[in-house]
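Accompanying notes for the structure given below.
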């Protein structure tokens with residue numbers, strides 16, 4: 001029978017975290033128990049995971065969870081895998097004027113719920129709603145929720161047709177539909193990634209409709225692709241003011257914050 005040490009020496013991709021996942025042991029425990037012989041069931045499960053990783057399945061889909069900000073989230077192939085770049089949106093939102101007040105917040109295209117749930121956890125006095133077109137994604141988000149959040153199914157503003165908010169926040173699809181980068185994301189839901197030829201179809205919808213759903217002096221906060229910021233600022237100028245741009249923690253253009261014109 002193969003031991004932990006045998007597998008660690010195999011050089012298989014992500015072998016240490018895969019062993020930790022199968023054996024439910026930390027990295028330190030693996031090293032101190034490196035002569036442990038895997039049972040037939042453990043060996044079968046591990047080698048199935050190794051094969052899936054070799055075929056490109058993200059580790060987060062194998063483990064079923066991913067950390068984001070200060071929380072841990074369930075993820076499935078029905079949702080995007082949370083990325084560190086999106087934590088920038090949380091930081092911006094928490095620094096908004098009036099953030100200590102009872103704000104009404106809308107998270108569009110919530111996916112696994114990382115934005116809505118993190119904001120609600122950091123500011124329990126905020127009234128947070130979240131929409132998504134995918135019923136499957138909403139079920140994942142609901143299972144992740146640790147506080148009271150209103151989850152609504154439908155495209156963008158459809159489920160909140162008559163409601164207004166102090167902050168609308170979104171990490172929408174923004175990849176160009178023919179972008180070669182999609183080859184690296186083949187296991188993630190394509191509908192949550194691409195938005196037309198220039199990647200801005202969904203962002204245009206959000207920018208055009210957001211003024212109808214923002215309170216006076218309300219804010220719109222969007223994540224976007226690293227080469228889209230100038231075009232998004234141009235789209236915002238008609239109905240928004242005090243437009244601010246932000247770089248992510250890799251110094252790439254990543255987010256825009258704007259205040260609706262009254």
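Residue numbers (full-length UniProt numbering): 1 to 262.
Every residue, glycine too, gets a C-beta built ideally from N, C-alpha and C.
Being a predicted model, the structure only gives us computed values, none of them experimental.
The continuous beta strand (DSSP E) containing residue 150 extends over residues 150-153.
For residue 235, the number of other beta carbons within 10 angstroms of its own is at least 16, and it is reported as buried. For residue 9, the three-state secondary structure derived from DSSP is coil. As the crow flies, the alpha-carbon of residue 68 is around 21 Å from that of residue 190. CA-to-CA, the gap between residue 223 and residue 255 works out to about 4 Å. Per DSSP, the beta bridge partners of residue 165 are 214. Residue 128 is positioned such that its CB atom lies no closer than 8 Å to that of residue 141.
Under DSSP, no beta-bridge partner is assigned to residue 32. Straight through space, the alpha carbons of residue 208 and residue 241 are spaced by roughly 14 Å. Under the three-state reduction of DSSP, residue 158 is assigned to helix. Its chain contains 65 as the residues whose beta carbon lies nearer than 7 Å to that of residue 72, once the 5 sequence neighbours on both sides are disregarded; these appear in chain order.
Using a Cβ distance threshold of 8 Å, residue 116 and residue 102 do not count as a contacting pair. In the DSSP assignment, residue 52 falls outside any beta strand (DSSP E) and within the unbroken alpha helix (DSSP H) covering 40-54. Counting along the chain, the unbroken alpha helix (DSSP H) around residue 208 starts and ends at 201-209. Burial state of residue 28 is exposed, judged by a 10 Å Cβ sphere holding fewer than 16 other Cβ atoms. Listed in chain order, the non-local C-beta contacts of residue 253 below 7 Å within the same chain comprise 226, 229, 245, 247, local neighbours out to five positions each way being set aside. DSSP, reduced to helix, strand and coil, places residue 101 outside both helices and strands of the structure shown, so it counts as coil.
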